[in-house]
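Under my numbering, think of the first position of the sequence shown as 41, with each following residue one higher.
Where is the CB? At the ideal position from N, CA and C, for every residue including glycine.
The structure appears below as C-alpha cells.
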Amino acid sequence: MEKLVKFDKYITINQKLLVEVKVGDHAGIFDSRIEDMEAGDSIMISMPTDKGRAVPLAPNTRLHLSYVMDMGRFSFKSIVLDRVKEPRMMLKIAFPDAVFRQELRSFFRVDTRLSVKVMVTVKIDDVWTQKLFEGKVVDMSGGGLRMFTDIHIEKDATIEIYFLGSIEKVDQVKAQVMRCRSMEGKFEVGVRFVDISQTDRDRIIKYVFKRQVEQRKLLG
C-alpha cells in the first residue's frame with residue numbers, strides 16, 4: 041500500500057465513495073460522493089445513504105472512506121465536522137493528511153458462498169452454442185472471483201456471470217478465465233472482471249466490504 045500526501049491530485053468532484061462507520065448507532069457501509077473541496081481544510085460529501093435512505097451521521101463520527109479510479113483503490117480516514125442543509129443535505133468532513141493507494145490487482149478478497157449462473161460458449165456436435173451452468177463462488181474481490189463449477193472452462197475464455205440478486209443492482213458481469221483446474225471432482229475457476237462499469241465495480245466492492253465487516257463481527 042502506497043501513502044500519498046497530495047490528496048487533491050487523486051480525487052475529483054462527483055467521485056463516488058464508500059463510507060464505513062465502524063462503531064455507533066449507524067455502523068455500516070454507505071454510499072456517498074464528493075460534492076466540493078477546500079484543499080487543506082475540508083471536504084463536502086453528499087449525505088451517506090443505505091439503499092437510498094439517508095444516514096444522518098453526527099459531528100465527530102469517525103469515517104473510513106474509499107473509492108476506485110484507474111490508478112487504483114484509494115482510502116483515507118476522516119471525521120465529520122458538521123452537517124450542512126443548504127443547498128442540499130451534506131456532510132462537512134476533515135481534509136485528510138494523506139490517502140493510501142492499492143494497485144487494482146491487489147483488491148482485498150473476502151470469502152463468500154454465492155450461487156451464480158455461468159454462461160459459457162461451448163461446441164456441441166461441431167456447433168457453437170451458449171450454455172448456462174451453475175457455479176459456487178468461494179471468494180471475491182473488486183477485480184475478480186474464484187468459483188467451482190461442474191465443467192471445465194478454457195483459460196482465456198470470456199464468460200458471463202449472473203449473480204441472481206446476491207449483489208444489489210449488479211445483474212451480471214463479463215469475466216476472463218485466468219485458470220481452471222480439476223479439484224475434488226469439480227473445477228476450480230479463477231476469473232477477472234473485464235469491461236465492467238465503475239458503478240458495478242463499486243457495488244461489488246461494497247458487497248466485499250460488507251462481508252468483511254460481517255466476518256469481523258463473527259470473529260468478535
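If you draw a 10 Å sphere on the C-beta of K246, you find 16 or more other C-beta atoms in it, and that means buried.
Of all C-beta pairs linking the stretch 249 to 256 to the stretch 215 to 226, fewer than three are shorter than 8 Å, placing the two stretches out of contact. By the Cβ rule, the stretch 64 to 72 does not count as touching the stretch 111 to 118, because fewer than three pairs are nearer than 8 Å. DSSP places V167 within a strand segment (E or B) once states are collapsed to three. In the three-state reduction of the DSSP assignment, V210 falls in the coil class, being assigned neither a helical nor a strand state. The alpha-carbon of G175 is positioned some 12 Å away from that of H192. Remark: C-beta atoms of S181 and F148 approach each other more closely than 8 Å. Residues S82, P99, K132, I133, A134 of the same chain have their beta carbon placed closer than 7 Å to that of L121, with the five preceding and five following residues left out of the count. Around the beta carbon of T101, 16 or more other beta carbons lie within 10 angstroms, which makes this residue buried.
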